[in-house]
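Quick note on the numbering used here: the sequence shown kicks off at 51 and runs consecutively.
So the structure is just underneath, and the comments pick up after that.
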Amino acid sequence: MAILRSVRAVAEAEGPGVVDWDRAASAAKEATDPGSIAISDAERAGYAADVRDARSRLTEVAGIEFDVPDTVEVQNRHHWIDASVGTFRRVMDPIEAAAADPGGPDGTFDATPAKRGPAFAQDVSRVANTGSMAFALGFLSRNVLGQYDPLLLADEPDADHGLYFVHPNIVAVASALDVDYPRFRRWIAFHEVTHAAEFGAAPWLPEYLESRVERGVEGMVGGEGGVSRGLDPDAFAELQAAMTAVEGYAEVLMDRAFDGEYADLRAKLDERRGGGGPVRRLAQRLLGLGLKRRQYERGAAFFRHVADERGIEAAGAVWERAENLPTGDELDDPDAWIARVDP
51 MAILRSVRAV AEAEGPGVVD WDRAASAAKE ATDPGSIAIS DAERAGYAAD VRDARSRLTE
111 VAGIEFDVPD TVEVQNRHHW IDASVGTFRR VMDPIEAAAA DPGGPDGTFD ATPAKRGPAF
171 AQDVSRVANT GSMAFALGFL SRNVLGQYDP LLLADEPDAD HGLYFVHPNI VAVASALDVD
231 YPRFRRWIAF HEVTHAAEFG AAPWLPEYLE SRVERGVEGM VGGEGGVSRG LDPDAFAELQ
291 AAMTAVEGYA EVLMDRAFDG EYADLRAKLD ERRGGGGPVR RLAQRLLGLG LKRRQYERGA
351 AFFRHVADER GIEAAGAVWE RAENLPTGDE LDDPDAWIAR VDP
């Protein structure tokens with residue numbers, strides 16, 4: 051049975067890190083039907099046309115010049131897991147490094163049990179962490195529709211960004227929502243290309259987000275002698291505000307650029323974000339997806355107000371420089387942001 055193979059993969063987690071990434075990916079794939087990407091040449095061309103149309107329309111509506119990735123990938127769920135495990139791993143690298151070599155004030159490594167803990171406890175912790183990551187990867191791979199990947203924290207600063215569409219999920223959700231599949235596919239393309247527009251308009255944004263992630267991680271693991279200083283509240287607040295702006299702007303811009311009949315898709319997609327059975331809702335809570343939904347709603351409300359007051363192009367002033375990002379207070383008081391930035 052696939053579930054038994056998944057459990058076995060987690061139980062066999064090994065290595066020096068806090069997560070066995072290869073086992074986490076294997077377990078996630080064992081528990082997940084990959085879905086089919088047996089699509090026709092015409093359908094593959096449809097994905098490409100959706101992306102081109104989205105780029106053209108978003109440029110026209112928002113007045114933003116940007117590029118899309120050279121390669122647009124149509125993936126199954128296993129492909130998404132393989133592509134995304136690297137992102138998870140990059141975020142976890144500082145934590146893994148601190149766990150592997152916390153050192154003392156002089157940077158030396160202390161392997162005494164009192165400082166390192168028994169090997170058995172480390173093994174149990176690794177298995178638990180690997181299982182948690184496998185669960186997250188599996189659940190997300192069954193629910194993610196598309197993804198723009200700006201390759202934050204990449205080892206190669208000049209690495210190309212990525213654009214993925216998880217085809218079996220798009221087909222399944224279009225059917226579940228009882229909406230026209232080609233139109234729904236186009237809708238998802240507009241959402242993901244809007245993220246490419248944001249990062250294209252704000253070349254400073256990746257470094258800004260990376261610095262807040264790194265400060266937050268250092269606060270948890272990087273005190274003197276490897277002792278945690280606790281979460282950096284300023285870094286966390288700035289990261290939350292920036293991501294709320296990223297998600298909210300995408301929501302509003304895609305609506306205004308897509309077509310005049312988007313309301314049915316918006317209503318059904320919003321319902322899906324908050325719906326599902328008890329297992330799905332529990333998984334969403336565990337993975338913080340309720341917070342992400344709040345980001346969508348709070349950010350969209352902010353940008354709708356700004357766009358209504360000053361126009362959608364004026365709302366794009368948020369990407370001119372980091373100082374133009376709304377603060378947490380301004381997200382709930384867009385008139386204060388308008389008064390400060392005067393877009």
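For glycine and all other residues, C-beta sits at the position ideal for the given N, C-alpha and C.
What you are looking at is a predicted structure, and each value in this text was computed from that prediction instead of being measured.
Boundaries (first-last residue) of the alpha helix (DSSP H) holding Asp379: Gly378 to Leu381
Supposed contact pair Ala292 and Leu259 - C-beta distance, whole angstroms, cut 8 Å: 6 Å
Opening and closing residue of the alpha helix (DSSP H) in which Phe215 lies: Not the alpha helix (DSSP H): Phe215 falls in the beta strand (DSSP E), residues Gly212 to Val216.
Top-ranked residue by Cα proximity to Val122, from Glu297, Arg102 and Tyr231: Arg102
Backbone CA spacing between Asp117 and Ser175 [nearest angstrom]: 43 Å
Whole-angstrom C-beta distance between Trp71 and Arg127, which should lie under 8 Å: About 18 Å separates the beta carbon of Arg127 from that of Trp71, a gap too long to meet the 8 Å contact definition.
Residues bridged to Asp199 (per DSSP): Gly212
Meets three-Cβ-pair contact criterion under 8 Å: the stretch 189 to 202 and the stretch 217 to 236: yes
Sub-8 Å separation of Tyr299 and Ala246 beta-carbons: no
Helix, strand or coil at Glu288 [DSSP, three-state]: Looking at Glu288 - three-state DSSP - the assignment turns out to be helix.
Residue range of the beta strand (DSSP E) that includes Val122: Val122 to Gln125
Straight-line gap, Leu375 to Val356 (C-alpha atoms, nearest Å): For Leu375 and Val356, the distance between alpha carbons rounds to 13 Å.
Cβ neighbours of Trp130 in the same chain (closer than 7 Å, five flanking residues each side left out): Ser191, Val194, Tyr214 and Val216
Cα-Cα separation, Val223 to Val391: 40 Å
Pairwise C-alpha distance: Ala389 and Ala295: 17 Å
Outcome for Asp199 when other beta-carbon atoms lying within 10 angstroms are tallied against a minimum of 16: buried
Three-state secondary structure assigned by DSSP to Ile114: coil
Opening and closing residue of the alpha helix (DSSP H) in which Ile388 lies: Pro384 to Val391
Integer-rounded CB distance, given that Ala307 should sit under 8 Å from Phe240: Under the criterion of beta carbons closer than 8 Å, Phe240 and Ala307 qualify as touching, at roughly 6 Å.
Beta-carbon contacts of Tyr312 that lie in its chain and below 6 Å, excluding the five residues immediately before and after: Asp305
Which of helix, strand or coil DSSP assigns to Ala251: helix
Of the residues Ala95, Pro84 and Phe185, the one placed nearest Ala465, counting alpha carbons only: Shown here, the chain extends from 51 to 393; a query on residue 465 therefore has no answer.
Cβ shell of Thr82 (< 8 Å), same chain only, five flanking positions each side left out: The beta carbon of Thr82 is closer than 8 Å to those of Arg127, His128, Ile131, Gly188, Ser191 and Arg192 in its chain, skipping five residues each way along the sequence.
Asn219 versus Val141, Ile238 and Glu363, residue with shortest Cα-Cα distance: Taking each of Val141, Ile238 and Glu363 in turn and checking the Cα distance to Asn219, the smallest one comes out for Ile238.
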